[in-house]
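Each residue of the sequence shown is one higher than the one before, counting from 68 in our numbering.
Just so it is clear, CB atoms sit at the ideal spot from N, CA and C, and this is done for glycine as well.
Quick caveat: nothing in here was measured; it's all calculated off a predicted structure.
Structure first, then comments.
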Amino acid sequence: MLQVDLHCHSNVSDGLLAPAALARRAVANGVEMLALTDHDDVGGLADARTEAASIGLRFVDGVEISVSFEDITLHVVGLGIDPRAEVLAKGLADIRSGRRTRAEGMAAALAAVGIAGALQGAAAFAHNPRLISRTHFARFLVQLGASPDVNSVFDHYLVRGKPGYFAHRWASMEDALAWIAGAGGVSVLAHPSRYRVGRTKMERILSAFRDCGGVAIEVVSGTHAPDKLRELARLARRYGFEASRGSDFHGPGESRTDIGCSQLLPDGLTPVWQRFL
Ligand code: AMP
Ligand code: MN
Ligand code: MN
Ligand code: MN
């Protein structure tokens with residue numbers, strides 16, 4: 068089976084490595100096909116593609132779009148997109164401007180519990196001033212000594228019911244999938260096991276995703292517990308989804324799974340990457 072990693076982040080969003088460095092790390096780890104999928108921004112794709120071409124790595128243009136569905140946030144990965152497509156660029160620009168307002172709200176919520184200067188603090192960790200995420204706030208909180216590492220920040224801050232949380236409305240599922248389709252790409256539901264939902268809601272998510280034109284789900288994600296694999300493979304078969312595989316790598320020392328190092332896709336599924344061969 069082809070060694071693919073179809074989900075990772077560069078410093079254009081909340082990853083730690085530059086796009087070209089990510090391509091080199093992928094090859095060093097044995098990856099044969101890579102998609103860069105930064106949150107809500109396609110600014111790293113040109114550099115990653117150029118580097119990939121020079122080192123013989125197959126490259127797929129990607130993006131990870133933040134979506135609000137009912138009362139939760141979902142992530143949808145677009146693969147094989149044209150980064151220059153107007154409809155996608157416009158949608159992503161709107162999400163990024165919403166991120167700015169949200170970051171101000173998060174900083175105010177942290178100030179209310181005595182943590183001052185969080186907007187500037189988070190921005191100092193953001194390589195791309197157009198994209199500030201909770202990860203950048205988390206790095207700032209680690210720097211302050213509020214938590215020992217980025218992962219544990221999310222146990223005590225920045226999530227619903229904890230200091231620094233600020234509710235935000237992202238794109239609708241319909242819009243996100245229309246932007247991806249409008250840019251010639253296919254939509255993949257990212258890390259389904261990360262959503263804290265029961266069975267009925269998961270079925271609503273998957274049905275709505277399919278109805279909006281979604282074609283695949285991440286059966287393998289570096290952020291899933293390994294024992295979720297069989298259940299996700301079953302869901303993919305039941306709904307007729309193709310299967311994707313990605314590490315969701317953000318950076319050395321920060322991510323559990325290195326680029327290219329997630330579980331293998333189980334047999335009997337249609338790999339979404341067949342479309343990009
Ligand atoms: P945002 O899009 O600004 O809400 O930030 C979401 C990002 O925060 C995700 O893409 C992850 O990189 C990070 N994140 C969210 N939850 C966790 C968690 N429990 N542990 C580590 N990182 C997390
Ligand atoms: Mn992230
Ligand atoms: Mn995600
Ligand atoms: Mn991701």
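Close Cβ partners of residue i (< 6 angstroms) along its chain, the five nearest in sequence each way excluded
i, result
"PRO116", "The residue asked about is misnamed: residue 116 is Arg in this sequence, not Pro. Only PHE126 meet the Cβ criterion."
"PRO333", "ALA300"
"ALA119", "ALA90 and PHE126"
Cα-Cα separation between residue i and residue j, rounded to whole angstroms
i, j, result
"PRO196", "GLU171", "14 angstroms"
"GLN341", "MET100", "11 angstroms"
"ARG236", "ASP105", "19 angstroms"
"ASP81", "GLY97", "23 angstroms"
"GLY123", "ASP72", "15 angstroms"
"ASP294", "LEU103", "26 angstroms"
"ALA189", "THR202", "8 angstroms"
"LYS229", "MET68", "43 angstroms"
"ARG151", "ALA250", "8 angstroms"
"GLY335", "ALA303", "10 angstroms"
"TYR232", "ASP149", "34 angstroms"
Per-residue DSSP class, three states only, for residue i
i, result
"GLY165", "helix"
"GLU309", "strand"
"ARG125", "strand"
"MET240", "helix"
"VAL284", "Just to set this straight, residue 284 is Ile in the shown sequence, not Val. It is a strand residue."
"ILE139", "strand"
"ASP72", "strand"
"LEU84", "coil"
"LEU101", "strand"
"PRO230", "coil"
"PHE276", "helix"
"GLY249", "helix"
"ARG197", "coil"
"PHE343", "helix"
Exposed unless 16 or more other CB atoms sit within 10 angstroms - verdict on residue i
i, result
"SER314", "buried"
"ARG92", "buried"
"GLY129", "buried"
"GLU309", "buried"
"ALA179", "exposed"
"GLY318", "buried"
"SER239", "exposed"
"THR168", "exposed"
"PRO86", "buried"
"LEU208", "buried"
Own chain residues within Cβ distance below 7 angstroms of residue i, not counting five before or after
i, result
"ASP242", "GLY158"
"GLY111", "SER77, VAL79, PRO86, LEU103 and ASP105"
"ALA283", "VAL253, VAL255, PHE308, GLU309, ALA310, SER311 and VAL339"
Beta carbon proximity, residue i to chain C, threshold 8 angstroms
i, result
"GLU298", "Of the protein chains in this structure there is only one, and it is not chain C."
Strand pairing of residue i, partner residues [DSSP]
i, result
"SER254", "GLY145"
"GLU131", "HIS106 and VAL144"
"ILE326", "Note: ILE326 sits in no beta bridge, so no partner."
"PHE316", "CYS75"
"PRO338", "ALA310"
Nonlocal neighbours in the same chain, by C-beta distance under 8 angstroms from residue i, ignoring five residues either side
i, result
"ARG163", "ASP107, ASP108, ARG197 and LEU198"
"SER329", "ASP72, VAL287, SER288, GLY289, ARG312, GLY313 and SER314"
"PHE221", "ARG201 and ALA205"
"ALA213", "ILE182, VAL220, HIS223 and TYR224"
"ILE272", "PHE136, LEU141, LEU256, PRO259, TYR262 and VAL264"
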